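Put into structure tokens, the structure is as follows:
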């Protein structure tokens, strides 16, 4: 770390009187003893403290329009988001926070349908100037689904633009057991999984019938993996063993080809300091060491396995060095490259056979503007110098490559309103679907507008599942398609060749098996295993065969472009698709990350970050312009490799814990509700059989109702008069409205407490009150607390919504017009008393056999439901290794459940008995 660059470059944060940040100041120095430039980021909050506008340092002084502007609803949800990079998004939010409708800057409109549990069941899409169509339909399993496969409540079918996705079962933790994806051409592909008790994947059978087996050690850590090809009874060891250090970092890895990989870390901070790989008692295939500054930026990577060579009057040693500015952006890099640097998308010329002598030293210098845009790349090498410049839009971070004497870019033609790049390069248009996913790349287009070479893509659940490449020659049309499935790629060519690419995880890196179904080339090994050796970014540097011999060797520029590329043969090289950062390079030269595509020759993304400003206000910058220290797993957010992996683990655990606690909470609420309804049912059964019990219950029910109505009416009138009198007639109207709300709250609170204690229970026995399905639905829709119950009901009178205004106005009118308070209240009470009298009359009759049988079935199903629910929870407790949830052990929950089920069975006995001498509880 060069202290002269970082000297006197603090970071300042300025807060307003509310403690909210309004300015963020960073000081930039690019070179030693160079001038310091303050970079000011501006933030504005609304009166209640919500962030509504942000300017980056570049637009802070020059643009009135902020980088990001937001308008929030009363609940705090963003209703309007307008970004200079990503365009406009407008949302209509429902009362439960669900997105009902969406509009965007490209003129598209979406409508989302939900079921009664607020699960998405359909998505309707309307592109500009076109009719609305349904693009997704989702189906969930109901109570009729087989509980042995844990289907109830789970998504079982999804129809989307890529085809159909079906699930036939889930484990106790919600992971799929069976998944079938049917593509648009009708081809169905089914994948099966088998898990351990704690949810770890043990076996996966892919859509082609190939099986992967995974084994774990006593601590639950990944240990070994095996591959069993279809129609082959033998297991091929792919990963023979992994060891870990005290911080759960991989220490050694032994793969199926006998290569041992060793990784060492700095004990002070856990940073990777070296990695070696090779077959024991042979020369190392990889021997890298890493040197960092105090902030974790890599200053030097030494390749000890590289023998220095002298070529073209240069000494090439294989080491790489890097330098940074005070904002930790890469400003200088050195390394080696091929004879002809590749200045276009794709790969440089292949060197075959592998010749380590044809390498040239280079250095690169990078310059950035105040908005974190790369503006210039200067490449220096003896006999091959060049400079690449980028033109940046004055009002956004949209940028294009520009050369001297080029016309000034017209950004509205080069980007759509959402900031999606419209051209890969001149003559190669890009097409995007309505969800801002890349739909087609045209690599060669005739003057008549017809494409001669293009690749199209389909997506499902946000990830790519299919791509199709078509190209023409004077004599024929050729095509190749890839179907992406869990652990498997099915690659089919128009000449009949079909290849299965099976990906097997090895903990650090992966192995790809090339299994030809039809059309295997004669000069390549059948069922070839390709073992990957990567660097600290998981970029695939070496491919090894099953004997540990090198198949290919690739070296990368700092921002991901390939600078040197060699293989044993051109045929072998053609089957390498995974490269920089472990991602796939398409025929276009773009890297597919998941959420978006990366152009390494431009050093930035070709579309804005779909997550917004989660990674800064520049939505195109690649990993903060520090590609040696950071990675991006899916195109959404950068982070140090170790931190990204830890975050993914933490997020998974957090979601699992939250779902588990919610399941236990609902079970407790269900036990409480069943206990309450069972207690009421016992009393109601006795009411039908005993005149004394009938009379007591009738008196209690009537008295509770009158007391509740009286308290509500008195409170409503008192509050209305006190608050409304000072304002005259208009004030009385407002006071009446406020009084109504307060009175309603008192009434709801009284009723909820009365129901909980049984004081307001019906005199007669009602089947629906103990219907298991209705009880379960009620628990899922309520939180159970009195305050939340009142809040949920009063939400329907919210004056901020149109429905709430109408309902509130109706009630206010009924309680303020003339003598309506007395008349209206009297009518309501008369109707309610009439209903109570009807209950009293019916409770004086004997229960029919039909009703007794129906009630008996409900009681039986209640006990089954509670027992099955508890059994599932016990299994999840054991599977996840949890000892407690919400303060309850599984033993305590079982005791509580058994106590309630005994109460249900006792009530069932009372129902089947003809006696009226049971003591009511």
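In the working numbering, the protein residues as written are 171 to 1091. Backbone N, C-alpha and C fix where the C-beta goes; we use that ideal spot for every residue, glycine too. Note that the structure is a prediction, hence the values are computed from the model and not measured.
query	result
Chain-order list of residues whose beta-carbon lies under 7 Å from that of residue 855 (same chain, five-residue window excluded)	935, 1080 and 1081
Contact under 9 Å by Cβ, residue 436 with residue 657	no
Per-residue DSSP class, three states only, for residue 609	strand
For residue 901, three-class secondary structure by DSSP	The predicted model places residue 901 with a pLDDT of 45, which falls under 50 and marks its position as unreliable, so this point remains unresolved.
Inter-residue Cα distance where the pair is residue 641 and residue 612	10 Å
Complete beta strand (DSSP E) runs within the segment 378 to 402 (minimum length 3 residues, chain order)	381 to 386 and 392 to 398
Neighbourhood of residue 251 by C-beta distance below 6 Å, restricted to the same chain and skipping five residues each side	240 and 259
Backbone secondary structure at residue 680 - three-state DSSP	strand
Burial state of residue 397 (16 or more Cβ within 10 Å)	buried
Spatial neighbours of residue 422 in its chain, beta-carbon cut-off 6 Å, leaving aside the 5 residues before and after	413 and 432
Residue span of the alpha helix (DSSP H) that contains residue 1079, given as start and end	1060 to 1082
Rounded Cβ spacing between residue 197 and residue 566 (contact assumed at less than 8 Å)	The Cβ separation is near 25 Å, so there is no contact.
Continuous alpha helix (DSSP H) stretch holding residue 637: start and end	It is not in any alpha helix (DSSP H) - residue 637 instead sits in the beta strand (DSSP E) that spans 633 to 642.
Cα-Cα separation, residue 887 to residue 270	Residue confidence is low: residue 887 scores 49 on pLDDT, short of 50, so the model does not pin down where it sits. No coordinate-derived value is stated.
Nonlocal neighbours in the same chain, by C-beta distance under 7 Å from residue 762, ignoring five residues either side	634, 753, 754 and 756
Buried versus exposed call for residue 643 [16 or more other C-beta atoms within 10 Å across all chains shown]	exposed
Residue environment, residue 680, which counts as buried when at least 16 other CB atoms sit within 10 Å	buried
CB-CB length for residue 1031 against residue 942, believed under 8 Å	5 Å
Test item: CB-CB of residue 663 and residue 671 under 9 Å	no
Identity of the residue in 345, 249 and 500 nearest residue 795 by Cα	500
Length of the line joining the Cα atoms of residue 1025 and residue 279	49 Å
Same chain, Cβ closer than 6 Å to residue 548, neighbours up to 5 away in sequence not counted	535 and 557
Under the three-state DSSP convention, the category residue 909 falls into	Here residue 909 scores only 49 on pLDDT, less than 50, and its place in the model is too uncertain to base an answer on.
Spatial neighbours of residue 957 in its chain, beta-carbon cut-off 6 Å, leaving aside the 5 residues before and after	Below a pLDDT of 50, predicted positions are generally treated as unreliable, and residue 957, at 42, falls in that range; no measurement from the model is reported.
Segment contact, 8 Å Cβ cut-off, at least three pairs: the segment 219 to 237 with the segment 728 to 748	no
Extent of the continuous alpha helix (DSSP H) to which residue 1028 belongs	1019 to 1050
Beta-carbon proximity list for residue 710, same chain, < 6 Å, skipping 5 on both sides	702, 704, 748 and 749
Short Cβ contact (9 Å threshold) for residue 303 with residue 315	no
Rounded separation between residue 706 and residue 790 - CA only	23 Å
Beta strand (DSSP E) segment containing residue 353, residue limits	346 to 353
Inter-residue CB distance, residue 466 and residue 455 (contact presumed, cutoff 8 Å)	Actually they do not touch by this definition, with Cβ atoms about 27 Å apart.
Beta-ladder partner(s) of residue 733, from DSSP	According to DSSP, which records beta bridges pairwise, residue 733 is partnered with nothing at all.
Bridge-paired residues (DSSP) for residue 770	None; residue 770 has no bridge partner.
Residue 890 in three-state terms, based on DSSP	Caution applies to residue 890, whose pLDDT of 48 falls short of 50 and renders its modelled position unreliable; the model cannot decide the point.
At least 3 beta-carbon pairs within less than 8 Å: the segment 713 to 723 vs the segment 500 to 509	no
Alpha-carbon to alpha-carbon, residue 574 and residue 580	16 Å
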